[in-house]
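Here is the structure we will look at.
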Amino acid sequence: MQENKNLRKEEVNDDFIMMPKVDFCFKEIMYNAKVRLGFISAVLQIQPKNIKRTTLLNTNLRKSKEKEKLGILDVRVELMDKRQIDMEMQVREYDYWEERSTYYLSKMYVDQINEGDDYEKLQKCIHISILDFKLFSEEKDFYSQFHLREDTRGLLYTDKLEIHVIELPKVKQMESEYPKSELLDWAKFFNIKNRKELDNMMNTNEYIDEACNEVVKISSDEEKRLEYEARLKAERDYNAGMKTSYRKGHEDGVSEGIELGRDEEKTNIFKNLRALGIEDEDFLAKATGLTLEKIQELMKMIDKED
635 MQENKNLRKE EVNDDFIMMP KVDFCFKEIM YNAKVRLGFI SAVLQIQPKN
685 IKRTTLLNTN LRKSKEKEKL GILDVRVELM DKRQIDMEMQ VREYDYWEER
735 STYYLSKMYV DQINEGDDYE KLQKCIHISI LDFKLFSEEK DFYSQFHLRE
785 DTRGLLYTDK LEIHVIELPK VKQMESEYPK SELLDWAKFF NIKNRKELDN
835 MMNTNEYIDE ACNEVVKISS DEEKRLEYEA RLKAERDYNA GMKTSYRKGH
885 EDGVSEGIEL GRDEEKTNIF KNLRALGIED EDFLAKATGL TLEKIQELMK
935 MIDKED
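All residue numbers for the sequence shown refer to our numbering, where the first residue is 635 and numbers rise by one.
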């Protein structure tokens, strides 16, 4: 009997897969050069053979001033022609996503040169937002691309800055209304929630097949699975905490109460994550909604207490 129980347990474990839209899983699969190449090719609509190579860069953006906001990107890549790409996966709705993504893109652009360098050294920078919420709820299309253009004639001012936005919920709701494309296939891949959906995505193309195999590989890694589940728990705790804080503030009828409740809940989530041994400041900031500066301040406080 015990042997059968163990067998059933192993079968359940074999069916487990990480969801690609969770930031931990997203970063892990983007470490795979072939996966990066295939996804970037689909977004930029360039044949993989013309991209040739993608190189991972340091995701930390420089601070030119002590009080300047620190920026840490999800995945930062340099192409063979020196163009840089920032890929950001955002599951939780973010009130100022347009401002944040523009800030990161601008920082990445100016981060290329030092004082005294010629401006001609500046290479094109591209930001790709993969969002699990609707940024443009009035628009039907799941994919949008932006450049700096003249308002009335559409004249391109410069192609040095470029933003791509992929809204995953629209694909889930209206998939049949979109023409088939490699980018649509990637959006469907990021929406995968279970093993059956992953199996259905296999044999789409060699790059998505590679991504599916990578998900299976990292899902079977016990250490990575524990970290993945800790991050999922943090996300659930955050969502539950925000609902509780909002309800308390609403019942009191005081907007300040809502904000105070949110701040307190964010700090509690931070403490719980640190108790689990998580020290990744970028993840802690994303999971709690606190700024990186606040995370660093809390980390210092904990170090002093220890």
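C-beta atoms are modelled at their ideal positions from N, C-alpha and C, and glycine is treated no differently. All of these numbers come straight from a predicted model, not from anything done at the bench.
{"Check": "Three-state secondary structure (DSSP) at N638?", "Outcome": "No answer about N638 holds up, because its pLDDT of 43 lies below 50 and its placement is not dependable."}
{"Check": "Please confirm if the region 717-735 is in contact with the region 775-794, defined as three or more CB-CB distances below 8 Å between the two stretches.", "Outcome": "no"}
{"Check": "Which complete beta strand (DSSP E) runs does the region 741-770 hold, if anything under 3 residues is left out?", "Outcome": "759-765"}
{"Check": "Considering just the uninterrupted stretch of the alpha helix (DSSP H) at D775, what are its terminal residues?", "Outcome": "Counting along the chain, D775 falls outside any alpha helix (DSSP H), and DSSP gives it neither H nor E."}
{"Check": "Using the three-state DSSP reduction, which class does Q681 fall into: helix, strand or coil?", "Outcome": "coil"}
{"Check": "Using only the alpha-carbon positions, how far apart do N825 and D751 sit?", "Outcome": "43 Å"}
{"Check": "Looking only at its own chain, which residues have a Cβ that is under 6 Å from the Cβ of A919, when we skip the five neighbours before and after it?", "Outcome": "L926 and I929"}
{"Check": "For K905, does the count of other Cβ atoms within 10 angstroms reach 16, so buried, or fall short, so exposed?", "Outcome": "exposed"}
{"Check": "Does DSSP put S889 in a helix, a strand or coil?", "Outcome": "For S889, the predicted model reports a pLDDT of 49, less than 50, meaning its position is unreliable; a value from the coordinates is still stated below. S889: helix per DSSP, three-state reduction."}
{"Check": "Given a cut-off of 8 Å, decide if K794 and C759 are closer than it, judged by their beta-carbon atoms.", "Outcome": "yes"}
{"Check": "What first and last residue would you give for the beta strand (DSSP E) that runs through K794?", "Outcome": "L790 to E801"}
{"Check": "Alpha carbon to alpha carbon, how far is D766 from E754?", "Outcome": "37 Å"}
{"Check": "Give a yes or no on contact between the region 831-838 and the region 799-813, applying the rule of three or more CB pairs nearer than 8 Å.", "Outcome": "no"}
{"Check": "Between the alpha carbons of K827 and A868, how many angstroms are there, rounded?", "Outcome": "18 Å"}
{"Check": "Between the region 669-678 and the region 806-818, are three or more C-beta pairs nearer than 8 Å?", "Outcome": "yes"}
{"Check": "Which residue's Cα is closest to the Cα of I651: S763, M808, R783 and S854?", "Outcome": "S854"}
{"Check": "Quick one: give me the first and last residue of the beta strand (DSSP E) that E722 is part of.", "Outcome": "Q718 to Q724"}
{"Check": "How many Å lie between R710 and E722 at the Cα?", "Outcome": "9 Å"}
{"Check": "Using DSSP with H/G/I as helix, E/B as strand and the rest coil, what is M652?", "Outcome": "coil"}
{"Check": "Does the Cβ-Cβ distance between R865 and F917 come in under 8 Å?", "Outcome": "yes"}
{"Check": "CB-CB under 6 Å to Q724, same chain, minus the five flanking residues each way: which ones, in chain order?", "Outcome": "L765"}
{"Check": "Which one of E831, E809 and A921 has the shortest CA to CA distance from D871?", "Outcome": "A921"}
{"Check": "In the structure shown, what three-state DSSP assignment does T922 receive?", "Outcome": "helix"}
{"Check": "Note the first and the last residue of the continuous beta strand (DSSP E) segment covering R829.", "Outcome": "Per DSSP, R829 belongs to no beta strand (DSSP E); it is in the alpha helix (DSSP H), R829 to M835."}
{"Check": "Can you tell which of K668, A667 and T901 has its C-alpha closest to the C-alpha of L924?", "Outcome": "T901"}
{"Check": "Rounded C-beta distance between E844 and V669? I'm assuming under 8 Å.", "Outcome": "5 Å"}
{"Check": "Do P682 and L671 have their C-beta atoms closer together than 8 Å?", "Outcome": "yes"}
{"Check": "Indicate whether P654 and F823 have their beta-carbon atoms separated by less than 8 Å.", "Outcome": "yes"}
{"Check": "What residue does the alpha helix (DSSP H) around E840 start on, and which one ends it?", "Outcome": "E840 to S853"}
{"Check": "Return yes when the Cβ of I663 is within less than 8 Å of the Cβ of E856, no when it is not.", "Outcome": "no"}
{"Check": "Alpha carbon to alpha carbon, how far is I842 from R859? Give it in angstroms, no decimals.", "Outcome": "21 Å"}
{"Check": "Can you give the Cα-Cα distance for R687 and I719, rounded to whole angstroms?", "Outcome": "13 Å"}
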